[in-house]
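J.: Going line by line, the protein sequences match chains B and S. So the first sequence is numbered by the working numbering: it starts at 1 and just counts up by one. So the second sequence is numbered by the working numbering: it starts at 1 and just counts up by one.
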Amino acid sequence: MRGRERFSAARVLYTLNERGERAVMTITVYGPGCAKCTQLEAAARQAVQDLNLGACVEKVGDIVKIAQAGILITPALAIDGAVVLKGRVANAAEIASLITSALDGS
Amino acid sequence: MGPNVAQEQQRNDLRAPVEDGAGRGRSHRPRALALVAALGAWWLIYRHLGAAARWLTYSLIGLAEGTHLAGSVEFFLFEVPKVLLLLVLVVFGVGMVRSFFTPERTRALLAGRLEAVGNVLAAALGVVTPFCSCSAVPLFIGFVEAGVPLGVTFSFLIAAPMVNEVAVVLLFGLVGWRVAAIYVVAGLSVAILSGWVIGRLRLEGHVEPWVYEIRSISGEGGGPRLTFADRIDYALEQVRTIVGKVWPFILLGIAAGAGIHGYVPEGALASFMGKEAWWSVPAAVLLGVPMYSNAAGIVPVVEALLGKGAALGTALAFMMSVIALSLPEMIILRKVLKPRLIAAFAGIVALGIIAVGFLFNAVL
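(1) How about Leu84 (chain S) and Val302 (chain S): are their beta carbons less than 8 Å apart?
(2) Per DSSP, what are the beta-bridge partners of Thr241 (chain S) in this structure?
(3) Going residue by residue through the region 260-326 of chain S, where are the continuous alpha helix (DSSP H) segments of at least 4 residues, counting only ones entirely within it?
(4) Using a cut-off of 8 Å between C-beta atoms, extract the partners of Leu139 (chain S) located in chain B.
(5) Given 8 Å as the limit, is there contact between the region 172-180 of chain S and the region 139-150 of chain S, that is, 3 or more CB pairs closer than that?
(6) With DSSP as the reference, label Val57 (chain B) as helix, strand or coil.
(7) Could you name the residues of chain B that Arg107 (chain S) contacts, counting a contact when the two beta carbons are closer than 8 Å?
(8) Let me know the secondary structure DSSP gives Leu201 (chain S) once reduced to three states.
(9) Residues in its own chain within less than 7 Å of Leu39 (chain S) by CB, not counting five upstream and five downstream?
(10) The beta strand (DSSP E) spanning Ala58 (chain S) covers which residue range?
(11) Quick check on the DSSP output: the alpha helix (DSSP H) that includes Lys65 (chain B) runs from which residue to which?
(12) Report the partner residues of Val207 (chain S) according to the DSSP bridge assignment.
(13) Under DSSP, the alpha helix (DSSP H) around Leu73 (chain B) begins and ends at which residues?
(14) How do the region 106-113 of chain S and the region 80-95 of chain S stand: do at least 3 beta-carbon pairs fall below 8 Å, yes or no?
(15) Against chain B, with Cβ distances strictly below 8 Å, would Glu329 (chain S) count as a contact?
(16) Name the one or two DSSP bridge partners that Ala82 (chain B) has.
(17) Within 8 Å of any Cβ in chain S, is that where the Cβ of Arg45 (chain B) sits?
(18) Between Leu87 (chain S) and Leu170 (chain S), what straight-line distance do the alpha-carbon atoms span, to the nearest angstrom?
(19) Kindly indicate the opening and closing residues of the beta strand (DSSP E) around Val148 (chain S).
(20) Since Gly87 (chain B) meets chain S, which of its residues come closer than 7 Å, beta carbon to beta carbon?
(21) Rounded to the nearest angstrom, how far is the Cβ of Thr129 (chain S) from that of Arg98 (chain S), given a contact under 8 Å?
(22) Which residues, in chain order, does the region 44-68 of chain B contribute to contact with chain S at a C-beta distance below 9 Å?
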């Protein structure tokens with residue numbers, strides 16, 4: 001998260017990745033497809049909509065990729081690769097505040 | 001559920017103004033007070049359940065005392081709120097405990113442990129660490145990668161689903177504290193011994209080789225340190241999720257139990273599920289393995305079986321095999337385990353459960 005800058009254009013939020021390229025903020029929901037994972041994904045999409053962001057929400061269901069991300073318990077949520085929530089479902093408001101604090105911290 | 005909704009509302013009312021303010025630390029005292037008030041209310045309601053059930057049955061509904069119907073109605077009106085209240089309390093308590101045990105911390109405690117000690121610790125941690133069978137594979141990979149021995153990992157994976165709070169509360173509420181205690185001890189023993197045997201068999205070569213090659217990014221992170229208020233929130237969330245999921249099973253199970261008690265003759269099952277029929281234990285396990293149900297669905301069945309003459313060992317073996325071994329879980333584990341290790345895992349756990357069944361049929 002360190003050393004990145006934030007650009008906001010037409011409500012699409014860009015962050016700088018490690019190579020200094022402009023990239024759309026990515027919110028990743030990890031979960032093999034259980035009910036909780038689906039709830040978390042819906043809440044993440046709702047949060048992005050509520051914040052009026054152009055961030056990209058992706059769902060990772062492959063358990064090997066989940067393990068590679070260092071996650072031991074699903075569902076989990078990562079913002080630009082940093083895991084911020086594990087093992088439980090959060091509502092849209094909580095995810096929105098996680099996104100906001102990730103932006104402030106960068 | 002009525003009283004719980006009221007308590008919940010009370011907590012929310014106390015919480016709301018605190019969360020509107022910015023200070024998180026200030027929320028300790030109202031939370032603690034609300035908790036004490038809720039516990040007091042819980043105890044008052046719990047103590048008067050019997051009297052309330054009697055009043056509802058004989059005064060409000062006006063059933064004649066001594067009839068079979070009145071007995072069943074009173075049983076239902078007493079047992080349902082009793083079991084639900086117990087479940088709310090225990091799931092909340094376990095939720096508070098679980099908020100201290102993340103899978104990461106458990107993994108750190110188990111990494112590099114010697115076998116035997118490791119198996120015992122893993123089974124115990126399996127009870128208090130949050131676990132969901134859909135994350136069994138990432139958890140398995142994470143444990144193995146961190147150097148937790150294979151057998152110790154299995155002790156954890158066997159204990160986590162088998163010895164869970166829903167099973168224990170339902171056994172306690174519907175069958176009695178002795179059977180609940182026996183179930184916990186037997187479940188932990190099966191998890192410890194099966195994991196130890198799997199470790200002794202040196203089956204590491206039957207884990208898919210790529211598992212050892214995964215180098216995951218550090219599993220640290222996952223949010224700030226939890227405050228006391230966060231832990232309460234987590235525990236309440238657990239209560240909502242778990243009780244919300246299992247209450248229909250409890251309602252149906254107790255209703256079926258209330259009916260069965262009167263209409264199926266006593267001892268109807270004794271001839272083929274009693275102590276004398278030695279083959280009933282392996283048969284119960286063989287029947288239970290392909291079945292997949294949660295504890296909430298199976299305990300009322302076990303209670304009915306016991307009431308109609310099934311031996312305790314046979315009934316417990318059936319319950320354990322349904323909860324601990326399931327086909328969907330094995331299909332998921334196939335991603336990381338070769339068929340021979342899955343067969344060894346299922347076979348050893350099944351043998352352990354059969355041994356538990358024989359043991360309790362013999363000594364009780």
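Positions of the beta carbon are idealized from the N, C-alpha and C atoms, including for glycine.
T.: Taking the structure as given:
(1) Taking the first residue of the second sequence as 1, we reach residue 84 (chain S) at position 84. Taking the first residue of the second sequence as 1, we reach residue 302 (chain S) at position 302. No; because the gap between Cβ atoms is not below 8 Å, this pair is not in contact.
(2) Residue mapping note: residue 241 (chain S) aligns to position 241 of the second sequence, counting from 1. Paired residues: none, contrary to the question.
(3) 270-273, 280-288, 295-307, 312-324
(4) Stepping through the second sequence from its first residue, residue 139 (chain S) is reached at position 139. By Cβ distance, chain B contributes Leu72, Ile73.
(5) no
(6) For the purposes of this step, residue 57 (chain B) is taken as residue 57 along the first sequence, with counting starting at 1. In the structure shown, Val57 (chain B) sits in a strand (DSSP, three-state: E or B).
(7) As a working note, residue 107 (chain S) is residue 107 in the second sequence. Ordered by position in chain B, the residues that pass the 8 Å Cβ test against Arg107 (chain S) are Leu72.
(8) As a position in the second sequence, residue 201 (chain S) is number 201, starting the count at 1. Coil at Leu201 (chain S), not helix or strand.
(9) Taking the first residue of the second sequence as position 1, residue 39 (chain S) is located at position 39. The answer is none, since no qualifying residue turns up.
(10) Residue 58 (chain S) sits at position 58 when you count from the first residue of the second sequence. The question names Ala, but residue 58 (chain S) is Tyr in the sequence shown. Looking at the DSSP string, Tyr58 (chain S) is not in any beta strand (DSSP E), and its letter there is neither H nor E.
(11) Numbered from its first residue, the first sequence carries residue 65 (chain B) at position 65. From DSSP, the alpha helix (DSSP H) with Lys65 (chain B) extends over 63-68.
(12) One-based indexing of the second sequence puts residue 207 (chain S) at position 207. Answer by DSSP bridge pairing, in chain order: S:Leu337.
(13) The residue given as residue 73 (chain B) occupies position 73 in the first sequence. The sequence shown places Ile at residue 73 (chain B), not Leu. No alpha helix (DSSP H) holds Ile73 (chain B); DSSP gives it neither H nor E.
(14) no
(15) Position 329 of the second sequence holds residue 329 (chain S). No, no contact with chain B.
(16) In the first sequence, the residue the question calls residue 82 (chain B) occupies position 82. DSSP output for Ala82 (chain B) lists B:Ile79 as bridge partner(s).
(17) By 1-based counting over the first sequence, the position of residue 45 (chain B) is 45. No, no contact with chain S.
(18) In the second sequence, residue 87 (chain S) corresponds to position 87, counting from 1. In the second sequence, residue 170 (chain S) corresponds to position 170, counting from 1. One C-alpha to the other measures close to 8 Å.
(19) Position 148 of the second sequence, counting from 1, holds the residue named residue 148 (chain S). Where Val148 (chain S) is concerned, there is no enclosing beta strand (DSSP E), given that its DSSP letter is neither H nor E.
(20) To locate residue 87 (chain B), count along the first sequence from 1; it is residue 87. Under the 7 Å cutoff, chain S gives Pro130.
(21) On the second sequence, residue 129 (chain S) is found 129 positions in, with the first residue counted as 1. On the second sequence, residue 98 (chain S) is found 98 positions in, with the first residue counted as 1. With a Cβ gap of about 7 Å, Thr129 (chain S) and Arg98 (chain S) count as contacting.
(22) Ile63, Val64, Ile66, Ala67, Gln68
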